[in-house]
Structure formats: C-alpha cells, structure tokens
Amino acid sequence: MKYVVLILVLMVAGAAAYFFMVDPSALDRLQGKAPAAEPTTNSQPATREPTQSKPSPAKPKASKTPTFTAPDSEMAWFVNGEPVPAGGDLQVKGDHWVVTGYKDGRYSHHSVAVGADAPTISPTPKSTSASAVWEAFQGDGSRRGLVDAVDRTSLTKAWELDLADRIKASPVIYGDRFYISSNNHLLNAIDLKQGKLLWQAEGMGSTVSPVANASHVFMGNDAGLFNGYLIKNGKQKGETSLESYAVALALISEEAFLATTRDHQVLSIKTKKGFFGKLPLRVNWKVDLPELGAANATPVLVDGKAIFVTEKSGLVALDTDSGKRIWPASAAAGKADFTGDGDMSLSFVNRDFFLTPTPAAENGVIYSALGKTLVAQKVTDGTIIWKKELDNTPTSSLALANGLLYFGDNEGRLQARSLIDGAPMFAAKVSEQAIFASPALFKDKCLVGTQEGNLLLLHAFTGKQVAKSNALAGAAVKSSPAVTSNAVLAVNEKGKIVCFQ
C-alpha cells in the first residue's frame, strides 16, 4: 500500500513540474502576483505620433508674355515681323523686340531687350531718304537699293524683250533708257517705255553693271577694254585699257569713275570731254590693293571715300580724289580688326562666276556681310559699332531702308535685321535655293528675285507676299532688279527682260 501512495505522489509532483514549466506565470498566480502584461497581436498597425509633412515646392508660374502697346500715333506698327492693330496691343514672344512704325515715308525704328515688364516705345519719327534714280548698281553710290517710287500692290507686266543672249550683270537706268551687258554684247541700250532695243555695243560682255552720266555711258569688259559711248546713239567716243578685266565700276562724279580689276588694282579715270567731243579717258590715279583677292563687290561711295570689300581683311577705304588709304592703316591692321573667320562670302552663282555681297551705307555708317558676320562700322575711321554672328551665309548684296537691313541668304530666305544691333525682324522663306539677286526697296515694299525664275513683291516689315510674277520662269533670276518711279525691271540669266508697271 505504501508503494502505491508513493507512486501517486511522484506522479502528481511530476505533473505539477511539467505544468509550471509550460506556464511559468501560474506560479506567480498561486503566490498572488499579477502577471506581466504581454504584447497583443492586432491586425491594425501600431499608432505612431503624427509627423508634419514638408510642403511640396511651388511650381514656377508660366512667364507672362510681354505685351506691346502701339504708341498713340498715326503710324502703322510692326514688332518682330508681326503687325500691331492700330491703337491696339500685341503679345510678343521672345526677349528682344525689333519695332518699326511707318507712314508715308516717315518711320520710327527701335531695337530693345525685353525683361519682366514690357518696354515703352516712344516714337522718334524720321524721314526716309530714298534715291530719285537707279543710275548705278543698287541705285546710287550708297548701294542702299532704296528708290523713291510709287507704291504698288501688284506686278503687272508692261512689256518683255528676249535678247537671246545670256546675262550675268544687273541693269542701270538713266532717263528713259536702261543699259545692261550681255554675253556677246558689251552694252545693250533699251527704251524703258516700250522695250525697244535702241543700240548695241559690240564686244565681249561682262558681269559688271555699267555707269552713266548725262551724256555718256561707260563699260569695261572681260578682255580688259574700257569704252565710253554717247547715250543718244551708242557712238563710241573713247577707249582705254585696264590691263585686266573689270570686276566693278563706280561713278565718282560727272568727270570721273572708278574701275576695280582682277589684278587687284583700283583706277580713277577721267571722263571729262576733250576736243571735238572725244573722251580722253586718262588715268587720274592707280593703286595696287592686293588684299582685294577674289572679292568682287562694287565699292561704296560715301563722304569722299570709296570703300571696298577685301577677301580676308574686312573693308578698306580710299580717298576718291587721291587714292590714298584712309582706313585701316594697313592690310595687317584690317585683318586684325576683322572679327570673322577670315573668309569673305564668295557665293558661287555657277561654275565660273561668284559674287561678294556689296555693302551699303547710311547716316555715316557702312554695313557689310563678311562671311557669316554682319558688321556695322563708322565711315570716318572704320571703327566697329557692332557685329552679329549669323547661322547662315548672306548670298546677295545688302539693301537699307527705314531702320532695317535686308539680304538674301543661302537657305532661300529674305532676312530683315535692325540697323541698331543686327537683331532679326523677320526671315521670310521665298525660295528653295540661295538668293543671289539683291533686294530692291521702295515705300513699304521689297522686291526679290529667285532662282526658280520668280519675282516677288513682299511687305517690307512682315516679309509677307504681296504679289508674285513668274514672267521670268524658265531661267534663274540672279541679277538685281532696277526700279524707277513708275517701272520695275528684272532679267533672267537667259536674257529675258521684263518691265512691270
């Protein structure tokens, strides 16, 4: 019996030990102790102290497009090539404004940087000073291509004439006649009103434009000859040799002209009549100008100076009376001052002929296209006023009017830029090929010819097409047009001449 009781006691003790091992807190409960709180598992996440979120950065506000308000004036206003409603406003994108107001031969031009607030434009009206005639390449010695002509909104053909002879030169007009050189004729004299061929001067032709005074017309050719002819009948009255073919001619006065030759010489030749109506054509002075290189721009005549484009040394100015160099002091100095890449624009018109853009001058400043750089310089001493690097190459000569500079480029665009700093007004796409014909300007219009054989009349402040003629289709228009008060002359390279009313 004793053994049975002992076995039962051992079994109870073992069970109790096992129970307390499995649940240690039971002993504490037997001793009257509160059990320690155990963490409970819950499907909800533990609550955290709230944190203050950082504010998101404010999105930048869209910049406000500045608004141009037309000044209270009678002028029509244009900003970056866009017309502004009369007395109204126009939102203009960009950080620079080129602004022009125009009315009846008076203009106000401005080129201003635009900040957060739109600048205020105060009109400063000036009179447009246009040439009365087109007696030389680009009108007159300033080469601005600007003439006092009637306004027109159409290109109505008055007559046409086919010379059946290739033309590389540009026409000039004197009185009721115009003159042009062709491949097989040194000169062709044509009646402006009816398009009748009046007389021709025999001899090899030229790429240069002739020069004329009240009684005679003068022309040099690609064989080195230089002749003078009576305007009324074409009778030859004088001749001389340039010893090399002429690349440019310029009339200094009624009694003298300049000839530039391929041998890099500049000659002043006397044109005053001698005995029995003869023209002695004697050389007044001759200067070697080797820095001319291959450049063939027509010299600009302004304030007693003849200003030439050189191939790699920028511009050079000579005194028209003596041939003395005025500026720069030397070719080396000119090259040091030139800010481009050292190469002038020699735009290839075809495989055997190229051109250099002729500069233009106004109000004591000469503007030139030197390679891909537009440059403005003082006529007095050549000091650079501003320069503007371009993304393209000017391929025509320049024209100036109403505070703007015009030229055609290698991408077939007519560009207009401010004379103040070279900032762009507009670039109008007018052709799929380079523009070689120089622009001609009158009133608020601009004429330009294309290699597709088109003649376009554009608005001079927007570049928008006003009229178009394909009367010259079939050959490229590479010669610059000529404009008088009541006529527009244009030619294509196959020798077709068209006069528009």
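The sequence shown lines up with residues 1 to 501 when you count with the UniProt record's numbering.
By construction, the Cβ of each residue, glycine as well, lies at the ideal position given by its N, Cα and C atoms.
Cβ pair V375, A361 closer than 8 Å: Numbered from its first residue, the sequence shown carries residue 375 at position 375. Numbered from its first residue, the sequence shown carries residue 361 at position 361. No, the pair does not count as a contact, with Cβ atoms beyond the cut-off.
Supposed close pair L318, K324 - CB separation, criterion 8 Å: Counting from one through the sequence shown, the residue named residue 318 turns up at place 318. Counting from one through the sequence shown, the residue named residue 324 turns up at place 324. Between K324 and L318 the Cβ distance is about 7 Å, and since that is below 8 Å, they are a contact.
contact_flag[the segment 245–261, the segment 176–183] where n(CB pairs < 8 Å) is 3 or more: Short answer: they don't touch.
CB contact flag (A149, F442, <8 Å): Taking the first residue of the sequence shown as position 1, residue 149 is located at position 149. Taking the first residue of the sequence shown as position 1, residue 442 is located at position 442. The answer is yes: Cβ separation under 8 Å.
Beta-carbon proximity check, L279 vs G224, cutoff 8 Å: What you label residue 279 is simply residue 279 of the sequence shown in a count that begins at 1. What you label residue 224 is simply residue 224 of the sequence shown in a count that begins at 1. No; because the gap between Cβ atoms is not below 8 Å, this pair is not in contact.
Nonlocal neighbours in the same chain, by C-beta distance under 6 Å from E311, ignoring five residues either side: For the purposes of this step, residue 311 is identified with residue 311 of the sequence shown, where counting begins at 1. Its chain contains G293, A294, A295 and M344 as the residues whose beta carbon lies nearer than 6 Å to that of E311, once the 5 sequence neighbours on both sides are disregarded; these appear in chain order.
DSSP three-state assignment for G274, whether helix, strand or coil: By 1-based counting over the sequence shown, the position of residue 274 is 274. Looking at G274 - three-state DSSP - the assignment turns out to be coil, as it is neither helix nor strand.
Any non-hydrogen atom of the ligand PLP within 7 Å of D191 CB: The model on display carries no ligand, and the ligand PLP is accordingly not part of it.
Own chain, CB closer than 6 Å to R200, minus 5 neighbours either side, in chain order: Residue 200 sits at position 200 when you count from the first residue of the sequence shown. The question names Arg, but residue 200 in the sequence shown is Gln. Within the same chain, Q200 has close Cβ partners H185 and N188.
Classification of P328 by the beta-carbon crowding that lies within 10 angstroms, buried from 16 upward: Sequence index remark: in the sequence shown, residue 328 carries index 328 (1-based). Buried: at least 16 other Cβ atoms inside 10 Å.
Residue from P66, S479, S131 and D421 with nearest C-alpha to D117: Indexing the sequence shown from 1 puts residue 117 at position 117. The residue with the shortest Cα to Cα distance from D117 is P66.
C-alpha distance - residue 507 paired with L414, whole-angstrom precision: Coverage of the chain is limited to positions 1 through 501, which leaves residue 507 absent and any answer about it impossible.
Same chain, Cβ closer than 7 Å to G495, five either side skipped, listed in chain order: Along the sequence shown, read from residue 1 onward, the residue named residue 495 stands at position 495. Excluding residues up to 5 positions away in sequence, D162, L163, A164, D165, R166, I167 and S182 lie with their Cβ nearer than 7 Å to the Cβ of G495 in the same chain.
V283 classed as buried or exposed, judged by whether at least 16 other C-beta atoms fall within 10 angstroms: Here residue 283 refers to the residue found at position 283 of the sequence shown. That one is exposed.
Pairwise C-alpha distance: D381 and K305: Residue 305 sits at position 305 when you count from the first residue of the sequence shown. Residue 381 sits at position 381 when you count from the first residue of the sequence shown. Their Cα atoms are separated by approximately 11 Å.
Residue ranges of each beta strand (DSSP E) within the segment 152–177, 3 or longer: The DSSP assignment places 157–162 and 172–174 as complete runs of the beta strand (DSSP E) inside the segment 152–177, in order along the chain (cut-off: 3 residues).
Burial state of A58, where buried means 16 or more other Cβ atoms lie within 10 Å: Your numbering for residue 58 matches position 58 in the sequence shown. Confidence at A58 is low in this model, with a pLDDT of 38, below 50, so the placement of that residue should be treated as unreliable; the coordinate-derived value is given next. Classification for A58: exposed.
C-alpha distance - G412 paired with T484, whole-angstrom precision: By 1-based counting over the sequence shown, the position of residue 412 is 412. By 1-based counting over the sequence shown, the position of residue 484 is 484. Roughly 26 Å separates the two Cα atoms.
Inter-stretch contact at 8 Å, needing at least 3 Cβ pairs: the segment 435–449 / the segment 398–405: Yes, the segment 435–449 touches the segment 398–405.
Own chain partners of G449 with C-beta closer than 7 Å, once the 5 adjacent residues on each side are dropped: Reading the sequence shown from its first residue, position 449 is the one you call residue 449. Excluding its 5 nearest sequence neighbours in each direction, G449 has C-beta neighbours in its own chain below 7 Å: A437, L455, V477, P481 and A490, listed in chain order.
Cβ shell of N42 (< 7 Å), same chain only, five flanking positions each side left out: For the purposes of this step, residue 42 is taken as residue 42 along the sequence shown, with counting starting at 1. Interpretation of N42 is limited by its pLDDT of 44, a score under 50 that renders its predicted location unreliable; the figure taken from the coordinates is listed afterwards. Within the same chain, N42 has no close Cβ partners at all.
C-alpha gap between E452 and G115, whole angstroms: Your numbering for residue 452 matches position 452 in the sequence shown. Your numbering for residue 115 matches position 115 in the sequence shown. Distance between the alpha carbons of E452 and G115: 42 Å.
Beta strand (DSSP E) runs wholly inside the segment 85–152, at least 3 long, in chain order: With a minimum length of 3 residues, the continuous beta strand (DSSP E) runs that stay inside the segment 85–152 are 89–91, 96–103 and 106–113.
Same chain only: Cβ atoms within 8 Å of M75, ignoring 5 sequence neighbours per side: Along the sequence shown, read from residue 1 onward, the residue named residue 75 stands at position 75. Cβ neighbours of M75 beyond the five flanking positions: G101, Y102, K103, R106, Y107, S108, P123 and P125.
Residues sharing a beta bridge with Y245, DSSP: In the sequence shown, the residue the question calls residue 245 occupies position 245. According to DSSP, Y245 bridges with nothing at all.
E291 in three-state terms, based on DSSP: The residue labelled residue 291 in the question sits at position 291 within the sequence shown. In the three-state reduction of the DSSP assignment, E291 falls in the helix class, which pools H, G and I.
Paired residues, beta bridge with R325 - DSSP: Within the sequence shown, residue 325 is the residue found at index 325, counting from 1. In the DSSP output, where bridge partners are listed per residue, R325 has L318.
Pair within 8 Å by beta-carbon distance, T120 and D89: By 1-based counting over the sequence shown, the position of residue 120 is 120. By 1-based counting over the sequence shown, the position of residue 89 is 89. No, the pair does not count as a contact, with Cβ atoms beyond the cut-off.
CB of I435 within 8 Å of CB of G408, strictly: Translated into the one-based positions of the sequence shown, residue 435 becomes position 435. Translated into the one-based positions of the sequence shown, residue 408 becomes position 408. Result yes, Cβ atoms of I435 and G408 sit closer than 8 Å.
Pairwise C-alpha distance: S330 and A487: Within the sequence shown, residue 487 is the residue found at index 487, counting from 1. Within the sequence shown, residue 330 is the residue found at index 330, counting from 1. For A487 and S330, the distance between alpha carbons rounds to 44 Å.
P424, enclosing beta strand (DSSP E) - first and last residue: By 1-based counting over the sequence shown, the position of residue 424 is 424. Taken as a continuous stretch (DSSP letters only), the beta strand (DSSP E) holding P424 covers P424 to K429.
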